[in-house]
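Here is the structure we will look at.
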Amino acid sequence: RALGHTSLEALPVGNVVDLFSYVPDDEKIRFAMLEKSTDGLHYLPLETAGEGTTQSVLFKQTDPNPAEGLNYYRLRVFYLGGNQQWSPVRVVDFHAPDEWAIFPNPASDNLHIQWKTSLGKPANILVVNQLGQTIYEEVLPKIEDDIHTINTRQWHEGNYFVLISVDGRKPVGKTVSVLR
């Protein structure tokens with residue numbers, strides 16, 4: 186049966202998923218177990234907390250290796266009387282952040298984008314100036330090289346904002362300066 190007052194929250198943070206759970210002391214708790222599944226059917230334990238306690242259980246756990254795609258988390262509570270209950274399932278659609286770097290910064294003639302984890306994926310590159318005007322835009326159907334070069338010779342000196350969206354995800358932005 187589902188737990189009434191138990192809470193479980195799952196939040197993706199960078200390359201991990203942080204999990205926060207609380208079990209009130211309504212009944213005598215034997216222990217609580219945080220469980221994970223990648224298919225929503227078969228769960229494996231991540232961590233056990235509150236063993237031997239009769240008080241509320243509050244704990245934070247980090248899943249250091251979330252699977253790409255859907256991850257299912259639930260809290261299973263074991264009571265001294267032998268009963269078990271489960272929290273509602275929390276689902277995290279996890280996608281590791283795409284990592285890329287720009288160099289040199291400041292740039293003069295060329296700006297290079299070094300792809301760290303995005304090879305084989307599509308990308309959109311957008312560069313805007315300090316007035317918010319688009320000065321460069323490129324669609325890469327598939328990232329094929331570790332380094333992508335952009336010619337900056339026609340750009341004026343100043344600061345620019347490079348926005349890159351990989352594989353249709355939320356764009357990530359970085360600032361670059363151009364100096365001659």
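Quick note: the sequence shown uses my numbering, first residue 186, plus one each step.
Note that CB positions come from ideal geometry on N, CA and C, so glycine has one too.
Check	Outcome
Residue 353 versus residue 295: straight-line alpha-carbon distance, rounded	26 Å
Residue(s) in a DSSP beta bridge with residue 275	258
Alpha-carbon to alpha-carbon, residue 302 and residue 200	12 Å
Whole beta strand (DSSP E) elements within the segment 270–349, 3-residue minimum	275–279, 285–288, 295–300, 308–313, 319–325, 332–336
Within 9 Å, strictly: CB atoms of residue 325 and residue 336	no
Bridge-paired residues (DSSP) for residue 209	Paired residue(s): none; residue 209 is not in a bridge.
Collapsed DSSP secondary structure at residue 252 in the structure displayed	coil
Proximity test, Cβ basis, 9 Å: residue 307 and chain D	Considering every chain present, this structure includes no chain D. It has just one protein chain.
Touching by the beta-carbon criterion (3+ pairs, under 8 Å), the segment 248–256 and the segment 201–209	yes
Beta-carbon gap between residue 278 and residue 357 smaller than 9 Å	no
Counted within 10 angstroms of its Cβ, other Cβ atoms place residue 286 as buried (16 or more) or exposed	exposed
Proximity of residue 328 and residue 305 at Cβ, strictly below 9 Å	yes
Under the three-state DSSP convention, the category residue 223 falls into	coil
According to DSSP, residues forming a beta bridge with residue 358	348
Element boundaries [beta strand (DSSP E), containing residue 191]	That residue, residue 191, is in no beta strand (DSSP E); it is neither H nor E in DSSP.
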